[in-house]
Each structure stands twice: as C-alpha cells, then as structure tokens.
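Peer 1: So the number in my numbering is just where the residue sits in the sequence shown, counting from 1, plus 167.
Okay, handing you the structure first.
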Amino acid sequence: MNKCPFCRSPVEISWSYCRNCNKPLITNVDILSNNRVRPIPDGTSIYANDFVEGEESFDVNMIDDETIEYELSQLEIQLTDSERIGHNMGNLLLKKASLFYKKRDFSNALKNLELALENFKEEENLMNLIITHNEIGLIHEETGFFDQAIYHFDRALSFIEEIDDNIKKIQVLNNLGNVYHLINDLENANKYYQRALTLADDENLELEAVKTASNMVEILLSLEDYDRVKRILKRNLDFFIQTDDIYGVIQTRTKYGKMFYHLGEEYYDQSFNYLTGTVELINGIKNNISIFIRKKLEWECFLYLGYLNTVWDNDLEAEDYLLKSLEAVRTFEIQENIKEGIVLESIAKFYSLKGEDRKAIDYFSYSKDIYQKFGDKLKIAEMKYHVAKIFQEYIQNNEKAIQYYEEALEIYENLNKSKIGADIHNKLGDIYVSKQLYDLARSNFEIAKKLYTELEDEYNQAIIDGKIDSLKETENHNATF
C-alpha cells in the first residue's frame, strides 16, 4: 500500500491528492532531479535555447563567484583574440553578459548586451538580435525602466515575425504582458497574454499554454474573474501533476491560495490549507534548489499567510509571516524590486490596523521610496494618502495631514483620479473647519462638490451640500458677534 509522504495515510496509486490531508501526490518527490525543479521565471529568457545544451544562461539558480570570475577571465582572453583577428564578438559578449547577470551585476550585463547587439546588427543575425533585445528587455524590466523594457521586447517581437518561431514569439509576448502588468496596465497585459495563449493553443504547445495561462491568472484575479481562474488552475495543476513538475505544482497551489483569499472570509480556511501545504512542499525540495529559488517560491505564501493571520487577529503570526516575506524578497532580488514595495506596504497596513502608527508611517514611507524608484505614481500617491489619514485620524497632527494630503492630491489630479481627488478635498475641508479657516474649508468643499457632481455621486454630493450649509450657518453666527 502506498502512503502519503506528508501525513503517511494510505493512498491509491491513481489518486492525485491525499484524501486525508489534501496535499498533492507527486511521484518521487524526495528524489526529483534539479531540472524538475527549475522554475518558470517571471520573465522568460530565450538565450539558453540557442546555445550549449544544459547551459544555465541567464538563470540564477546557482551562483558561484569563483567559477564566474574564472569564466569571465577566459572570455576576456577570447574577446582579445577575436578582436585581434577581426572575428565578430557578439556571441562571446552575450555569454559575458550572462555571467554578469548571474552575479546580479546588471550594469555590466547591460553594457555587454548592448555591445553584442551592435555586433549582431552588423551580421544581420536575426536570431541573435531577437535573443539580445529580449535579454536587454528583461534587465530593464528588473531595474524598473519599463518603457525601455517594452521597447526591446517589441523589437524582439518584430524580428520574430520575420523568422516565424512560435515558441519564441509566445515567450516574448509573455514578457510584454509581464511588463504591462507591472505598470498596472491590465488591458495591455491581458491583450499580450491572450495573444500568447491563443498561439500556444493553436500550435498545440501545451507547456507554453500552461505557462501563459499561469501568468494570466494574476490579471484575472485583479479583474475578479474567479470562474476562469478556477478553470485555468485546475488545468495547470493536472498538467504539472501528470508531468511530475513540482515547481509547477508549488506555483499553482500558491495561486489557489491567493484565489481563495480573494474569494472572501468563507474561503479563508481553504486558502490557509493551500498555502501551508505549499510551504511544506517547498521545504521538501529545499536541498534540490538554491536559496534564491526557494525564497522566490516562498515570498507570496508568507505574504498571504500574513494577510490571513491579520484578519484572524493572530498578531504575532501575522507579523512573523509578513517579515518572512520581506526577508525572502530581499534575498532573491538582491537589489530593490517592486515586490519589496508590495511587502513593505502590507507591513505598513498591518501596523496601521494594530494602532502602531509610527511604525505604519515608517513602512509606508519605505514602500513609497521603492515605488518612487520604479516610477509607480499611483502607488506613491496611495502611500502619501495613507500617511495623511494616520496623521489626521490618529496622531491628530493636522499640519502633517494637510502636507501629505496635498502631495497625494497633486499626483491624483495629474492621473485624473477624480473620485479620490474629491475625497481628499472633502477631508481637507474638514481639517480647515477644525482650524476655523473657513475660506479654505469652503474652497475645498466646493471643489469636492464639483467633482462628485461630475461623477454623478449623489450620496457624497448631498453630504458636501450639508457641510457647506453648516459652514454658512457658522459664518453667519460668527458675523453677528
């Protein structure tokens, strides 16, 4: 009789899940080879597909500085020889860039990729132009230069059209979808993912279809299209179980945990079970993967376990999971990354909810600094707005509240966010009333009323009308004395 590797209960060989603990039954989980746990990266490098079989290329699964330095020194010798005899150096520069990327030296990786690009332009080598533009795009994406990333992915895509390589086309379409998702352009992200998925399905490229659908889940969660999310996750989990791909199972179970969390309170237990089971799976393969991959697998599990424990008022557990998530992100990303902003923001909201105002302000500020480096103006405004509310409602420092509200308001107005703009003018009006600065109060209430009218928000418009009437009565009363 077979036994579940987690709870040791008897299981049938045909079962995909243990009927006792609900964990996936993956064949030979303890002896999976390294290539079975190689991850599907956030951004897809297409470099390795065209070079020596087994080369890790731009993957950072293992980092050995001594080996990398030796390989770099050997490449320098080869580059000097190639330059002396007039040979094209593009391929050597591409390999050199990949070594710098493994060291997380993005500046030197980018410099060598750009030099390689010039060499491949002279050769008119379409395949190498595609590869190099794609890798440059990935580096710009990781370092927050999203417009440059989009440009280079677009250039890679235009060359792919000339050679008709569907797998590479799907990969680059996914990379474009990823960048647009990072800048919260859900419409364009969904468009590129859908193009990739349609092409993968039309060409019967099941693995590419599964990877693309996995990316689409993030968009569909934002759009609250949970029925489609469920269909995708079921298909993906079945595929990964059939192929004994434990990384794919981990990734999919994490997304199940996120989905059940977003479905609401009655599904929290299911979310918790998926996430804690996934952490156990990660622990089961920790000796087969690098610390970087492990932390990349763990960070969202810890983040959502933090959310769950927060709503359950398990403060110590919530704080522990949120800080574990932050530690995980800082481990696998080495330099600052947009994911760090997400976790810092979550920690700030936790401290705010628990009344630890100063800690909340600090973490909102840390998060704002990360978003600022990545040019996410909407998030910058949100962080300033949260800080302003704390100063107004809890610390009761109106001067600071006004400062942060006005800084947030300027950004929201530039982004044409009328609803939140109206709300801030309303709050500013309340503050100025409390300070007996009635002209400023009236000015803000009038602007709020105008915005609510344009938004056809009759409820808030009526509230503002009441405040303006009350303000008039106060002014008339004061005028009689």
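Note that the Cβ used here is the ideal one computed from N, Cα and C, for glycine as well.
For the putative contact between Leu260 and Ala283, defined by C-beta atoms under 8 Å, what is the C-beta separation to the nearest angstrom?
Peer 2: Confirmed, Cβ separation roughly 4 Å.
Peer 1: Give every residue of the same chain whose Cβ lies closer than 8 Å to the Cβ of Asp632, excluding the five residues on either side of it in the sequence, and list them in chain order.
Peer 2: Here the set comprises Lys616.
Peer 1: Quick one: residues in its chain with C-beta nearer than 7 Å to the C-beta of Lys453, no 5 flanking neighbours on either side, listed in chain order?
Peer 2: So the list reads Arg461, once near-sequence residues are dropped.
Peer 1: Taking Cys468 as the reference, which of Thr410, Tyr441 and Phe499 has the closest Cα?
Peer 2: Looking at the Cα atoms, Tyr441 is the closest of the given residues.
Peer 1: Do the segment 509-516 and the segment 534-546 meet, that is, are 3 or more Cβ pairs less than 8 Å apart?
Peer 2: Touching, per the Cβ criterion.
Peer 1: How far does the alpha helix (DSSP H) with Arg395 in it reach, from first residue to last?
Peer 2: Looking at the DSSP string, the run of the alpha helix (DSSP H) that includes Arg395 is Tyr393 to Gln409.
Peer 1: Indicate whether Val346 and Ala316 have their beta-carbon atoms separated by less than 7 Å.
Peer 2: Yes. Within cutoff.
Peer 1: From this set, Val446, Arg398 and Ile578, which residue's C-alpha is nearest Met426's C-alpha?
Peer 2: For the residues Val446, Arg398 and Ile578, the minimum Cα distance to Met426 belongs to Arg398.
Peer 1: Closer than 6 Å by C-beta to His592: which residues in its own chain qualify, once you throw out the five before and the five after it? Chain order, please.
Peer 2: Cβ neighbours of His592 beyond the five flanking positions: Asn611, Ile614 and Ala615.
Peer 1: Assuming contact is defined by CB atoms lying nearer than 7 Å, are Ile235 and Lys288 in contact in what I supplied?
Peer 2: In this structure, Lys288 does not lie closer than 7 Å to Ile235 by Cβ.
Peer 1: Here's a check: name, in chain order, each residue in its chain whose Cβ is nearer than 6 Å to the Cβ of Ser519, leaving out the five neighbours to either side.
Peer 2: So the qualifying residues of the chain are Ala527.
Peer 1: Is the distance from the Cβ of Ser492 to the Cβ of Trp466 below 7 Å?
Peer 2: In this structure, Trp466 lies closer than 7 Å to Ser492 by Cβ.
Peer 1: Which word fits Ser274, buried or exposed, when buried means at least 16 other C-beta atoms lie within 10 angstroms of its C-beta?
Peer 2: By the 10 Å Cβ count, Ser274 comes out exposed.
Peer 1: With a threshold of 16 other CB atoms inside 10 Å of the CB of Arg395, please say whether the residue is buried or exposed.
Peer 2: By the neighbour-count rule (16 or more Cβ atoms within 10 Å), Arg395 is not buried but exposed.
Peer 1: Would you kindly check if the distance between the Cβ of Lys551 and the Cβ of Ala575 is under 7 Å?
Peer 2: Yes, the pair counts as a contact, with Cβ atoms nearer than the cut-off.
Peer 1: Nearest to Val416 by CA position, among Gly444, Glu391, Leu390 and Trp479, is which residue?
Peer 2: Checking every option, the nearest Cα to that of Val416 belongs to Gly444.
Peer 1: On the CB-based measure, 16 or more other CB atoms within 10 Å of its CB, does Gln338 come out buried or exposed?
Peer 2: Burial call: buried.
Peer 1: Between which two residues does the alpha helix (DSSP H) carrying Gln354 extend?
Peer 2: Here residue 354 is Glu; the residue named in the question, Gln, does not match the sequence. That run of the alpha helix (DSSP H) goes Leu353 to Asp369.
Peer 1: At which residue ranges does the segment 541-588 contain complete alpha helix (DSSP H) runs of 4 or more residues, listed in the order of the chain?
Peer 2: Qualifying alpha helix (DSSP H) stretches, in chain order: 544-557 and 565-581.
Peer 1: Quick one: which unbroken alpha helix (DSSP H) runs of 4-plus residues sit fully inside the segment 441-495? Chain order, please.
Peer 2: List check, alpha helix (DSSP H) in window: 458-478.
Peer 1: Taking the alpha carbon of Gln409 as the point to measure from, which residue in Glu373, Thr421 and Glu577 has its own alpha carbon closest?
Peer 2: Checking every option, the nearest Cα to that of Gln409 belongs to Glu373.
Peer 1: Thinking Glu486 and Phe531 are a contact (beta carbons under 8 Å), I'd like their distance in whole angstroms, please.
Peer 2: Contact doesn't hold; Cβ gap of about 16 Å is too wide.
Peer 1: Please state if the CB of Ile598 and the CB of Asn565 are separated by a distance shorter than 7 Å.
Peer 2: Yes.
Peer 1: Thinking C-beta only, is Ile569 closer than 7 Å to Tyr579?
Peer 2: In this structure, Ile569 does not lie closer than 7 Å to Tyr579 by Cβ.
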